[in-house]
Amino acid sequence: MNDDCYLLGSDAVPALYVPSRTGKSLLLHDGYTFYLKNLQAHGRKQWYCSSRDMAGCRADVITAPALSGDGDILFLVRGRHIHAPPSYYFTHDGKYVRRKDAYHRYR
Ligand SMILES: [Zn+2]
1 MNDDCYLLGS
11 DAVPALYVPS
21 RTGKSLLLHD
31 GYTFYLKNLQ
41 AHGRKQWYCS
51 SRDMAGCRAD
61 VITAPALSGD
71 GDILFLVRGR
81 HIHAPPSYYF
91 THDGKYVRRK
101 DAYHRYR
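Going by UniProt numbering, the residue at position 29 of the sequence shown is 29; the numbering climbs one at a time, nothing skipped.
Listed below in C-alpha cells is the structure:
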C-alpha cells in the first residue's frame, strides 16, 4: 500500500467508457485512458494506462459493477501517471482518437 493508491468508497464514481479507434472500449479517468487488461472475479476489470507500453506508465484502475443500476464504478485507482494526459478528440462518428494516431495516418 502506498500513498498513490486509493480506494473509492461510498462515493461511487461511474466508470466512463469511450470507443477507441479500434472499436474497443477505453476507460476514461481524469483525462487519461486505460485499456482492458484482465477480467477478474465478481465482474471486476483491471485496466492499464494506455501509455503503459510506450511510456512505461504503471498507473492502473480496477472497475467493479455498480451495486445498483447499470454500468461499472471505479473501484481502485493506483499509481501516478508519469506523463501528461494524451491529447484526444472525438471523430465525426463518435470514436475517441489519440492525436498522435491521427497524425500517423498522414505519413
Ligand atoms: Zn499513465
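All C-beta atoms in this analysis are idealised placements derived from N, C-alpha and C, irrespective of residue type, glycine included.
The beta carbons of residue 20 and residue 27 sit no closer together than 7 Å.
In this structure, the straight-line span from the alpha carbon of residue 29 to that of residue 35 is close to 11 Å.
Residue 62 has 46 and 76 as its beta-bridge partners, per DSSP. If you measure from each CB to the nearest heavy atom of ligand 1, the residues under 6 Å come out as 32, 49, 51, 57, 59, 81 and 83. In the same chain as residue 86, and ignoring 5 residues on each side of it, the C-beta atoms closer than 6 Å to its own belong to 98, in chain order.
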